[in-house]
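A.B. asks: Numbering (our numbering), first residue to last: 7 to 130.
Below is the structure I would like to discuss, written out as structure tokens.
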Amino acid sequence: MRQMWVVPGALLLLAMALPRTAGEDIALVCYDGPFESVLLNGCVDDCRSFETLEEAEQHCNALAKCGGITKSAYGDAEAINLGVGLYEVRAGPGIAAQQGDMSWIKQVDCAAASGGLQAAGGGG
């Protein structure tokens, strides 16, 4: 039986009240966000990181315990120098304030048939 990601209602409401980013208007199918200055707590798959949001999304979708994706506050140049990607798959459901980070929270019971990135405001 496949495990489904569950976010407690109060936590999801809190996340929904957080400010969304203006600078990065990328929405993901089956994810809420992006949420500015938010870090999803806990690692899944050793907090594996990816260079693109699309790669992180595909990997998170393949992991039943993945609760979302956090874009690191490192910044492009520093992340490359450290040899890590900007986008980490995270466990959640807890969140923490982290200046400069940006997170997308995986929705419960969402079947992303086509999956993928879309411009914010697009269907989903």
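C-beta atoms are modelled at their ideal positions from N, C-alpha and C, and glycine is treated no differently.
Since the model is a prediction, treat every value here as computed from it, not as a measurement.
If Glu42 and Met108 are in contact, beta carbons under 8 Å, what's the gap, nearest whole angstrom?
C.D. replies: Taking the first residue of the sequence shown as position 1, residue 42 is located at position 36. Taking the first residue of the sequence shown as position 1, residue 108 is located at position 102. At roughly 6 Å, the Cβ-Cβ gap stays under 8 Å, so Glu42 and Met108 are in contact.
A.B. asks: Which two residues bound the contiguous alpha helix (DSSP H) that contains Ala103?
C.D. replies: Within the sequence shown, the letter at position 97 stands for residue 103. Unbroken run through Ala103 is the beta strand (DSSP E), Ile101 to Lys112; no alpha helix (DSSP H).
A.B. asks: By Cβ distance, which residues of its chain are closer than 6 Å to Leu45, with the 5 residues on each side in sequence left out?
C.D. replies: Residue 45 sits at position 39 when you count from the first residue of the sequence shown. Cβ neighbours of Leu45 beyond the five flanking positions: Thr76, Ala102, Gln104 and Asp107.
A.B. asks: Taking the alpha-carbon positions, what's the Lys71 to Val50 distance?
C.D. replies: Here residue 71 refers to the residue found at position 65 of the sequence shown. Here residue 50 refers to the residue found at position 44 of the sequence shown. One C-alpha to the other measures close to 7 Å.
A.B. asks: Could you tell me if Gly48 is buried or exposed, where buried requires 16 or more neighbouring beta carbons within 10 angstroms of its beta carbon?
C.D. replies: Here residue 48 corresponds to residue number 42 of the sequence shown, with the count starting at 1. Exposed.
A.B. asks: Exposed or buried, Asp38, counting other C-beta atoms within 10 Å across all chains shown (16 or more means buried)?
C.D. replies: Your numbering for residue 38 matches position 32 in the sequence shown. It is buried - the Cβ of Asp38 has at least 16 other Cβ atoms within 10 Å.
A.B. asks: Looking only at DSSP bridge pairs, what is Thr76 linked to?
C.D. replies: As a working mapping, residue 76 is identified with position 70 in the sequence shown. Looking at the DSSP assignment, Thr76 forms a beta bridge with Glu94 and Ser109.
A.B. asks: Helix, strand or coil for Leu69 per DSSP?
C.D. replies: For the purposes of this step, residue 69 is taken as the residue at position 63 of the sequence shown. Three-state DSSP puts Leu69 in coil, outside helix and strand.
A.B. asks: Can you find the residues in the same chain that come closer than 6 Å, C-beta to C-beta, to Gly98, ignoring five residues on each side of it along the sequence?
C.D. replies: Position 92 of the sequence shown, counted from the start, is the residue given in the question as residue 98. These residues qualify, in order along the chain: Leu46, Gly73 and Gly74.
A.B. asks: To which residues of the same chain is His65 closer than 8 Å at the C-beta, ignoring the five residues directly before and after it?
C.D. replies: If you number the sequence shown from 1, residue 65 lands on position 59. Cβ neighbours of His65 beyond the five flanking positions: Asp51, Arg54, Phe56, Cys72 and Val95.
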